[in-house]
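Data block below; observations after.
Chains as they are written, first to last, in this note's numbering: chain H, 1 to 249; chain Z, 1 to 192.
This is the structure:
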């Protein structure tokens with residue numbers, strides 16, 4: 001800790017109000033229900049529990065209507081995205097547990113859509129206008145496939161119609177087809193590229209494409225793609241997987 | 001919430017993790033131990049309140065992707081903080097484009113008597129946010145890490161990727177801004 005200056009909370013340089021603010025900020029932790037909702041969204045990633053059975057299964061009912069409305073749908077996409085990644089890195093078994101996008105956790109689904117209060121305390125914490133509820137609505141109302149975040153298009157009213165996130169489910173299908181029908185896997189990957197050229201799962205798409213090409217014996221194409229991948233994503237967590245795929249052939 | 005053992009998740013002090021092979025925690029362990037920290041950090045880094053939950057999820061998805069590559073060269077907390085910085089920066093940019101508009105005064109709103117504590121906490125958050133919003137990203141990160149999270153400056157320099165002296169300079173500049181802002185608020189309070 002050596003030459004570090006005295007912190008404002010420990011000295012007299014700052015007025016008391018500021019010291020109190022900083023001290024309070026250290027204690028300002030999220031509520032249990034907020035954390036449980038995040039845990040629920042991450043569900044399978046946190047140890048294999050299916051969505052809806054994780055820690056947060058019962059948490060969203062107390063507060064969080066906003067989170068319930070947005071979270072329920074964003075959930076599918078993000079967990080789906082994460083799971084694609086997990087499947088690629090970890091062997092794919094996770095997908096089995098997560099087909100589960102389809103039945104989102106009951107509390108999220110049953111949360112009253114119009115309820116106004118977010119789980120966090122009521123004040124406008126960041127001086128943001130408009131307030132949380134309308135911001136959430138705005139976010140939900142985004143038109144469907146935007147390249148960067150196609151996974152969040154849903155509105156609260158969509159819950160009955162389609163829960164599988166297109167981006168994640170496309171890649172899920174592609175990944176499932178890899179071993180038995182790499183042609184199909186490749187076609188699905190190309191479909192993903194067409195629909196989501198800058199999707200959140202672009203890295204995962206390329207990893208599947210490289211494996212599909214390798215399985216089809218199109219090794220020079222696979223190697224070219226692998227090389228492009230390394231250039232484009234030099235810090236990717238999938239780099240070793242990509243290397244192993246093309247080198248193992 | 002805690003059915004998993006917590007063997008090696010805690011952040012070792014700097015240097016305590018160097019020689020031993022890194023026993024990587026599971027994502028569940030990381031979540032149990034650091035989720036509150038991640039949430040709070042995102043908030044203090046300026047992620048709009050309605051976006052914190054999503055951002056928190058982004059952080060843990062990123063951790064999930066990268067955990068295998070964690071080499072223990074910094075403490076786990078420091079490493080996670082680096083991820084928070086990137087996620088917060090990205091989220092702030094998007095929020096700014098999307099809908100954020102700063103206002104000059106704290107919004108007032110009616111609250112139930114039973115919510116007074118929460119209301120006051122919210123007001124305090126808003127005030128602190130307003131003070132931190134004066135800072136650019138670099139200064140804000142150093143200030144938050146040092147003054148709120150209590151990290152030593154050496155680790156902070158690692159997290160933000162700058163020389164130690166630069167980190168000190170940023171802290172110094174950030175303090176000036178925040179102190180001046182606090183004085184202004186105080187003056188307004190006394191004047192009204």
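Note that beta-carbon positions come from the ideal geometry of N, C-alpha and C, so glycine has one too.
Note that the structure is predicted; figures quoted are calculated from it, not measured.
> For residue 123 of chain Z, which of H/237, H/21, H/245 has the nearest alpha-carbon?
Replying inline: Position 123 of the second chain, counting from 1, holds the residue named residue 123 of chain Z. Closest option to residue 123 of chain Z, Cα to Cα, is H/21.
> Per DSSP, what kind of secondary structure is residue 218 of chain H in: helix, strand or coil?
Replying inline: Counted from its first residue, the first chain places residue 218 of chain H at position 218. In the displayed model, residue 218 of chain H falls within coil according to three-state DSSP, outside both helix and strand.
>> Contact defined as beta carbons within less than 8 Å: I believe residue 125 of chain Z pairs with residue 174 of chain Z. What is the distance between those atoms, to the nearest angstrom?
In response: Along the second chain, read from residue 1 onward, the residue named residue 125 of chain Z stands at position 125. Along the second chain, read from residue 1 onward, the residue named residue 174 of chain Z stands at position 174. Wrong, their Cβ atoms sit about 18 Å apart, outside the cutoff.
>> For residue 34 of chain H, count the other beta carbons within 10 Å of its own beta carbon; 16 or more makes it buried, fewer makes it exposed. Which is it?
In response: Within the first chain, numbered from 1, the residue matching residue 34 of chain H stands at position 34. When all chains shown are included, residue 34 of chain H counts as buried.
> residue 163 of chain Z: buried (16+ other C-beta within 10 angstroms of its C-beta) or exposed?
Replying inline: Residue numbering aside, residue 163 of chain Z sits at position 163 when the second chain is read from its first letter. Exposed, since its Cβ has fewer than 16 Cβ neighbours within 10 Å.
>> Mapping the DSSP letters down to three states, classify residue 45 of chain Z as helix, strand or coil.
In response: Residue mapping note: residue 45 of chain Z aligns to position 45 of the second chain, counting from 1. Three-state result, residue 45 of chain Z: coil.
>> To be precise: take each residue of the region 167 to 199 of chain H, compare its Cβ to all Cβ atoms of chain Z, and keep it if any distance is under 9 Å. Which residues remain?
In response: none
> Using a C-beta cutoff of 8 Å, does residue 148 of chain Z count as contacting chain H?
Replying inline: Here residue 148 of chain Z refers to the residue found at position 148 of the second chain. For residue 148 of chain Z, the answer is yes, since a Cβ of chain H falls inside 8 Å of its Cβ.
>> Quick check on the burial criterion: 16 or more other C-beta atoms within 10 angstroms. Buried or exposed for residue 12 of chain H?
In response: On the first chain, position 12 is the one that residue 12 of chain H refers to. The residue is exposed, with fewer than 16 neighbouring Cβ atoms inside 10 Å.
> Taking just the CA atoms, how far does residue 43 of chain Z sit from residue 150 of chain Z?
Replying inline: Here residue 150 of chain Z refers to the residue found at position 150 when the second chain is read from its first residue. Here residue 43 of chain Z refers to the residue found at position 43 when the second chain is read from its first residue. Looking at the two C-alpha atoms, the distance is approximately 16 Å.
>> Under 8 Å, Cβ to Cβ, is there at least one residue of chain H near residue 82 of chain Z?
In response: Against the second chain, residue 82 of chain Z aligns to sequence position 82. Taking Cβ atoms only, chain H never reaches closer than 8 Å to residue 82 of chain Z, which makes this a no.
> Given residue 184 of chain H, which residues of its chain have a CB within under 6 Å of its CB, disregarding the five upstream and five downstream residues?
Replying inline: What you label residue 184 of chain H is simply residue 184 of the first chain in a count that begins at 1. The answer, listed in chain order, is 177.
> Shorter than 8 Å from the beta carbon of residue 53 of chain Z to some beta carbon of chain H?
Replying inline: For the purposes of this step, residue 53 of chain Z is taken as residue 53 along the second chain, with counting starting at 1. Answer yes: the Cβ-Cβ gap between residue 53 of chain Z and chain H drops below 8 Å somewhere.
> Counting Cβ pairs, one atom from each stretch, are 3 or more of them under 8 Å apart for the region 208 to 222 of chain H and the region 232 to 249 of chain H?
Replying inline: yes
> Can we say the region 56 to 70 of chain Z touches the region 82 to 89 of chain Z, given the rule of at least three CB pairs closer than 8 Å?
Replying inline: yes
>> Can you give me the C-alpha to C-alpha distance between residue 73 of chain Z and residue 67 of chain Z, rounded to a whole angstrom?
In response: Residue numbering aside, residue 73 of chain Z sits at position 73 when the second chain is read from its first letter. Residue numbering aside, residue 67 of chain Z sits at position 67 when the second chain is read from its first letter. Each residue's alpha carbon lies about 13 Å from the other.
> From what residue to what residue does the alpha helix (DSSP H) around residue 183 of chain H run?
Replying inline: Mapped onto the first chain, residue 183 of chain H falls at position 183. For residue 183 of chain H, the enclosing alpha helix (DSSP H) has its first and last residue at 182 to 195.
> If you run the structure through DSSP and keep just helix, strand and coil, what is residue 56 of chain Z?
Replying inline: The residue given as residue 56 of chain Z occupies position 56 in the second chain. Looking at residue 56 of chain Z - three-state DSSP - the assignment turns out to be helix.
>> What would DSSP say about residue 7 of chain H, mapped onto helix, strand or coil?
In response: What you label residue 7 of chain H is simply residue 7 of the first chain in a count that begins at 1. Coil, per DSSP.
>> Could you compute how far the alpha carbon of residue 28 of chain H sits from the alpha carbon of residue 144 of chain Z?
In response: Looking up residue 28 of chain H in the first chain gives position 28. Looking up residue 144 of chain Z in the second chain gives position 144. The straight-line gap from Cα to Cα measures roughly 13 Å.
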